[in-house]
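First to last, the protein sequences are chains V and Y. Mapping of the first sequence onto our numbering: residues 1 to 260, in sequence order. Mapping of the second sequence onto our numbering: residues 261 to 532, in sequence order. We put the CB at the ideal spot given by N, CA and C, even for glycine. Let me begin by presenting the structure, written as structure tokens, before commenting on it.
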Amino acid sequence: MLLAPIQELGRKGLDFFQRLGRGHLLFGHILAGLPALLPRFGLVIQQVFSVGVLSLVIIVVSGLFVGMVLGLQGYNTLVDFGAEESLGVVVALSLVRELGPVVTALLFAGRAGSALTAEIGLMKATEQLSAMEMMAVDPIRRVLAPRFLAGFISMPLLAAIFSAVGVLGGYFVGVGLLGVDQGAYWSQMQAKVDVYNDILNGVTKSFVFGVVVTWIALFEGYDAIPTAEGVSRATTRTVVHSSLAVLGLDFILTALMFGA
Amino acid sequence: MSPPPTPLVEVRQLLFTRGSRKIFDGIDIDIQRGKITAIMGPSGTGKTTLLRLIGGQLRPDCGAVSVEGQRVDSLGRAPLYALRKRMGMLFQNGALLTGMNVFDNVAFPLREHTQLSEPLIRDLVLMKLHAVGLRGAWQLQPSELSGGMARRVALARAIALDPMIMMYDEPFTGQDPISMGVLVRLIRQLNDALGLTSIIVSHDIAETSSIADYIYLLSNGKVVAHGTAQELGHSGSAWAQQFLKGLPDGPVPFHYPAEEYRRDLLTSVVDR
Ligand SMILES: Nc1ncnc2c1ncn2[C@@H]1O[C@H](COP(=O)(O)OP(=O)(O)OP(=O)(O)O)[C@@H](O)[C@H]1O
Ligand SMILES: [Mg+2]
Numbered sequence: 001m002l003l004a005p006i007q008e009l010g011r012k013g014l015d016f017f018q019r020l021g022r023g024h025l026l027f028g029h030i031l032a033g034l035p036a037l038l039p040r041f042g043l044v045i046q047q048v049f050s051v052g053v054l055s056l057v058i059i060v061v062s063g064l065f066v067g068m069v070l071g072l073q074g075y076n077t078l079v080d081f082g083a084e085e086s087l088g089v090v091v092a093l094s095l096v097r098e099l100g101p102v103v104t105a106l107l108f109a110g111r112a113g114s115a116l117t118a119e120i121g122l123m124k125a126t127e128q129l130s131a132m133e134m135m136a137v138d139p140i141r142r143v144l145a146p147r148f149l150a151g152f153i154s155m156p157l158l159a160a161i162f163s164a165v166g167v168l169g170g171y172f173v174g175v176g177l178l179g180v181d182q183g184a185y186w187s188q189m190q191a192k193v194d195v196y197n198d199i200l201n202g203v204t205k206s207f208v209f210g211v212v213v214t215w216i217a218l219f220e221g222y223d224a225i226p227t228a229e230g231v232s233r234a235t236t237r238t239v240v241h242s243s244l245a246v247l248g249l250d251f252i253l254t255a256l257m258f259g260a
Numbered sequence: 261m262s263p264p265p266t267p268l269v270e271v272r273q274l275l276f277t278r279g280s281r282k283i284f285d286g287i288d289i290d291i292q293r294g295k296i297t298a299i300m301g302p303s304g305t306g307k308t309t310l311l312r313l314i315g316g317q318l319r320p321d322c323g324a325v326s327v328e329g330q331r332v333d334s335l336g337r338a339p340l341y342a343l344r345k346r347m348g349m350l351f352q353n354g355a356l357l358t359g360m361n362v363f364d365n366v367a368f369p370l371r372e373h374t375q376l377s378e379p380l381i382r383d384l385v386l387m388k389l390h391a392v393g394l395r396g397a398w399q400l401q402p403s404e405l406s407g408g409m410a411r412r413v414a415l416a417r418a419i420a421l422d423p424m425i426m427m428y429d430e431p432f433t434g435q436d437p438i439s440m441g442v443l444v445r446l447i448r449q450l451n452d453a454l455g456l457t458s459i460i461v462s463h464d465i466a467e468t469s470s471i472a473d474y475i476y477l478l479s480n481g482k483v484v485a486h487g488t489a490q491e492l493g494h495s496g497s498a499w500a501q502q503f504l505k506g507l508p509d510g511p512v513p514f515h516y517p518a519e520e521y522r523r524d525l526l527t528s529v530v531d532r
């Protein structure tokens, strides 16, 4: 009786580490497949297109609203100190350093990540991956590797779009509705946002999130139990795990970049 | 007299388990060159598993599987993939790639493994599709095909690279009488005209025994009988008789291994 929960815990623990191991093996296998994609870059472009198109609308709309909220909140705080001229800086830094990469990654996980898991999982369930193996085509190189690279490339692009649209949203609210000086909004932003410290760090975050979210999505699909239920569970896990990973990694990366 | 040619596929003392269940318990199978060999047996005996072992997708616990003298069970990745290029496999449900139409599915192995020009690939694909009677369906998506059509497209894809060995997993299920007849003839023609070696896994006794040169009957992890269709028909094996005639009673169990029925019903779940 008493042993049962401990056994259960042990089984869960073993399970976890086995999955972790399989995940890393898959990661290595995918990385080994990347060089072979160079002569066939069309495969990657195709995936960038489908991943990007999947996420573009939601990224643009969310970016706009987040920017507008930042404009409103930032104005309300800044105006108490008579510093509403700095609204542009506040909006831009929040987006470029934090919200752009993080919110984009979360949306990407929900939109493109879950779709990737479902696609790969269904290909496994319908024996398409097996059939490829029997045709002497490695599904990890042919199917997973191009999707991985596409996620890696798309994430920073989408985050950049998110931030750009957000800055415009902040502009609409701050300058258009609340009467912040237009010149100040842009010029302060230009003066204070640093290419290395802010933009490059934001882009680095995006690349890291792109790797992690796409890796989790592909692994969950590839490792899914090949049934309808297994695939649906894997899809849920992709969203949960990659969201948690993004938020946790964001703290670590922020501490490394801006901490000291 | 010349010595008999070595078999193309040799399975020796094959042992394979899934969990605690022995799927294969020391079986020997020879697949002769240029012949059509049928593997028959009840559902769940491991016919599909056997094809996967021959294709190197599964590794046996014990025993040897050789194809053309190469030990599939211990082959490295590169030689295994090289060998697979010369093996065609028709999956039980077709396993067409979704997101590509019929044409691209058949062209897939050609595009992956050859440097042929597009016009040449086009001609080859149309020829293969013509052979299975689906040339007119080249622009359909897999979701727009019936199960039987999907299997025929998969057959066209499996023969695209002109393999030396073809493995058919249940090619006849889901085919109407006409396409069944066409398929039977096609398998024979492919085998003889292209000099293939074919392995058919099936429970369609009439069709299979009409084209198979040699038949293996599997049950409970063992080869219970083998021989030509005629030999099996006249054999004294109760097992072969039951299977070939489709009798419900006999040595072949209809049930998946289980506890005794009465005990199972009378014990409550808590006692387990
Ligand atoms: N992935 C798996 N994990 C565990 N057991 C499996 C797995 N796949 C198959 N089995 C078991 O192996 C046995 C053989 O399966 P297989 O698919 O080879 O049967 P089959 O002879 O092809 O049957 P059918 O004629 O119905 O297609 C089955 O009893 C099944 O329970
Ligand atoms: Mg089967």
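If you measure from the CB of ILE120 of chain V, is any heavy atom of ligand 1 nearer than 7 Å?
Against the first sequence, residue 120 of chain V aligns to sequence position 120. No - ligand 1 has no heavy atom lying nearer than 7 Å to the Cβ of ILE120 of chain V.
For ARG417 of chain Y, collect the residues of the same chain with a Cβ closer than 8 Å to its Cβ; drop the 5 residues on either side in sequence, then sort them by chain order.
Walking along the second sequence from the start, residue 417 of chain Y turns up at place 157. Correct list, in chain order: LEU356, ASN365, VAL366, PHE368, PRO369, LYS388.
Tell me the DSSP bridge mates of PHE276 of chain Y?
In the second sequence, counting from the first residue as 1, residue 276 of chain Y sits at position 16. Per DSSP, Y:PHE284.
Assuming ARG97 of chain V contacts GLY210 of chain V (C-beta within less than 8 Å), just tell me the rounded distance between them.
As a first step, residue 97 of chain V must be located in the first sequence, where it is residue number 97. As a first step, residue 210 of chain V must be located in the first sequence, where it is residue number 210. Contact flag wrong, Cβ pair sits at about 17 Å.
Under the three-state reduction of DSSP, which class applies to MET189 of chain V: helix, strand or coil?
In the first sequence, residue 189 of chain V corresponds to position 189, counting from 1. Residue state, collapsed to three classes: helix.
In the DSSP assignment, the alpha helix (DSSP H) including THR238 of chain V goes from what residue to what residue?
Taking the first sequence and counting its residues from 1, the one referred to as residue 238 of chain V is at position 238. Per DSSP, THR238 of chain V belongs to the alpha helix (DSSP H) from 228-258.
Between MET387 of chain Y and chain V, is any beta-carbon pair separated by less than 8 Å?
Residue 387 of chain Y sits at position 127 when you count from the first residue of the second sequence. So, not an interface residue.
May I ask you to check if the CB of GLN352 of chain Y is nearer than 7 Å to at least one heavy atom of ligand 2?
Taking the second sequence and counting its residues from 1, the one referred to as residue 352 of chain Y is at position 92. GLN352 of chain Y: yes, Cβ under 7 Å from ligand 2.
First and last residue of the beta strand (DSSP E) that includes HIS390 of chain Y?
Here residue 390 of chain Y refers to the residue found at position 130 of the second sequence. Segment 378-391 is the alpha helix (DSSP H) holding HIS390 of chain Y; no beta strand (DSSP E) there.
Taking only beta carbons into account, state which residues of the segment 106-128 of chain V come closer than 9 Å to chain Y, listed in chain order.
GLU119, LEU122, MET123, THR126, GLU127, GLN128
For a test of the three-state rule: what should DSSP assign to HIS463 of chain Y, helix, strand or coil?
Numbered from its first residue, the second sequence carries residue 463 of chain Y at position 203. DSSP places HIS463 of chain Y in coil when its eight states are reduced to three.
Can you look up ASP181 of chain V in the DSSP assignment and give me helix, strand or coil?
Reading the first sequence from its first residue, position 181 is the one you call residue 181 of chain V. In the structure shown, ASP181 of chain V sits in coil (DSSP, three-state: anything other than H, G, I, E or B).
Of the residues Y:LEU386, Y:ILE438, Y:LYS282, Y:GLU378, the one placed nearest ILE419 of chain Y, counting alpha carbons only:
On the second sequence, position 159 is the one that residue 419 of chain Y refers to. Measuring from the Cα of ILE419 of chain Y, the nearest candidate turns out to be Y:LEU386.
Taking C-alpha atoms, which residue in Y:ILE291, Y:ARG293, Y:ASP285, Y:ASP524 lies nearest to CYS322 of chain Y?
Translated into the one-based positions of the second sequence, residue 322 of chain Y becomes position 62. The option with the nearest alpha carbon to CYS322 of chain Y is Y:ASP285.
Whose CA, out of Y:SER469, Y:GLU372, Y:ILE425, Y:PHE432, lies closest to the CA of GLN352 of chain Y?
Locating residue 352 of chain Y in the second sequence gives position 92, counting from the first residue. Checked all of Y:SER469, Y:GLU372, Y:ILE425, Y:PHE432; the closest Cα to GLN352 of chain Y is Y:PHE432.
Could you check whether THR214 of chain V and SER114 of chain V sit closer than 8 Å to each other, using their CB atoms as the reference points?
Locating residue 114 of chain V in the first sequence gives position 114, counting from the first residue. Locating residue 214 of chain V in the first sequence gives position 214, counting from the first residue. No, they are not a contact pair.
Indicate whether THR374 of chain Y and ILE425 of chain Y have their beta-carbon atoms separated by less than 8 Å.
Here residue 374 of chain Y refers to the residue found at position 114 of the second sequence. Here residue 425 of chain Y refers to the residue found at position 165 of the second sequence. For THR374 of chain Y and ILE425 of chain Y, no; Cβs fall outside 8 Å.
Cβ of ASP464 of chain Y within 7 Å of any heavy atom in ligand 2?
Translated into the one-based positions of the second sequence, residue 464 of chain Y becomes position 204. Because no heavy atom of ligand 2 lies under 7 Å away, the Cβ of ASP464 of chain Y does not count as near it: no.
Using only the alpha-carbon positions, how far apart do LEU43 of chain V and GLU8 of chain V sit?
The count along the first sequence starts at 1 and reaches residue 43 of chain V at position 43. The count along the first sequence starts at 1 and reaches residue 8 of chain V at position 8. One C-alpha to the other measures close to 44 Å.
By Cβ distance below 8 Å, which residues in the same chain neighbour LEU350 of chain Y in space, the five residues on each side in sequence not counted?
In the second sequence, residue 350 of chain Y corresponds to position 90, counting from 1. Cβ within range, chain order: ARG411, ALA414, LEU415, ALA418, MET426, MET427, TYR428, ASP429, PRO431.
Pull out every residue of the segment 131-148 of chain V whose Cβ sits closer than 8 Å to any Cβ of chain Y, in chain order.
ALA131, MET132, GLU133, MET134, MET135, ALA136, VAL137, ASP138, ARG142
Can you check the segment 300-331 of chain Y for any alpha helix (DSSP H) of at least 4 residues that lies completely inside it and give the ranges in chain order?
307-314
Alpha helix (DSSP H) containing THR167 of chain V: first to last residue?
Taking the first sequence and counting its residues from 1, one reaches residue 167 of chain V at position 167. Correcting the residue identity first, residue 167 of chain V is Val in this sequence and not Thr. Where VAL167 of chain V is concerned, the enclosing alpha helix (DSSP H) stretches over 145-171.
Helix, strand or coil at ARG111 of chain V according to DSSP, with G and I counted as helix
The residue you call residue 111 of chain V lines up with position 111 of the first sequence. ARG111 of chain V: helix per DSSP, three-state reduction.
Just the C-alpha distance for GLY487 of chain Y and ARG111 of chain V, rounded to the nearest angstrom, thanks.
By one-based count along the second sequence, residue 487 of chain Y stands at place 227. By one-based count along the first sequence, residue 111 of chain V stands at place 111. Answer to the nearest angstrom: the Cα atoms are 57 Å apart.
Is the beta carbon of SER303 of chain Y within less than 7 Å of some heavy atom of ligand 1?
In the second sequence, the residue the question calls residue 303 of chain Y occupies position 43. Answer for SER303 of chain Y: yes, Cβ within range of ligand 1.
Tell me the residue span of the alpha helix (DSSP H) that contains VAL89 of chain V.
Your numbering for residue 89 of chain V matches position 89 in the first sequence. Segment 87-93, the alpha helix (DSSP H) holding VAL89 of chain V.
Provide the residue(s) that pair with SER206 of chain V in DSSP beta bridges, ordered along the chain.
Within the first sequence, the letter at position 206 stands for residue 206 of chain V. The partner list for SER206 of chain V (beta bridge, DSSP) is empty, contrary to what the question assumes.
Following the continuous beta strand (DSSP E) through HIS373 of chain Y, name the residue where it begins and the one where it ends.
Residue numbering aside, residue 373 of chain Y sits at position 113 when the second sequence is read from its first letter. That residue, HIS373 of chain Y, is in no beta strand (DSSP E); its alpha helix (DSSP H) goes 362-373.
Could you check how far apart the C-beta atoms of SER243 of chain V and THR104 of chain V are, in whole angstroms? I think they sit under 8 Å.
Translated into the one-based positions of the first sequence, residue 243 of chain V becomes position 243. Translated into the one-based positions of the first sequence, residue 104 of chain V becomes position 104. Not quite, the Cβ-Cβ distance comes to about 12 Å (not below 8 Å), so this is no contact.
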